[in-house]
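Enquirer: Counted from 1, the sequence shown has number 11 at position 11 by our numbering; the numbering is strictly sequential. Where a beta carbon is used, it is the ideal one built from N, C-alpha and C, also for glycine.
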Amino acid sequence: MASVKAWAHNQGATELRLEVMEFNQGAIEFYYAQGMETQSRIMSMSLDDLYD
């Protein structure tokens, strides 16, 4: 993660963003420990079973 942050900073980035699946609690905890915080939540619904 330190390498990613350094690379992004050297490229002129001012923010890092990523998408992590809600069920992946280990990753979520890791990213929180790295100083990241939730900005938004993507929600979805499968329509496959609605019209069968």
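Of the choices I42, A8, E15 and Q34, whose alpha-carbon is the least far from that of F23?
Expert: F23 has its Cα closest to that of I42, out of I42, A8, E15 and Q34.
Enquirer: For the putative contact between Y32 and V20, defined by C-beta atoms under 8 Å, what is the C-beta separation to the nearest angstrom?
Expert: At roughly 10 Å, the Cβ-Cβ gap does not stay under 8 Å, so Y32 and V20 are not in contact.
Enquirer: Kindly indicate which residue of S40, M36 and I28 has the alpha-carbon position closest to the one of K5.
Expert: M36
Enquirer: Helix, strand or coil for N24? Go by DSSP, reduced to three states.
Expert: coil
Enquirer: From Q34 to S44, what does the alpha carbon distance come to, in whole angstroms?
Expert: 27 Å
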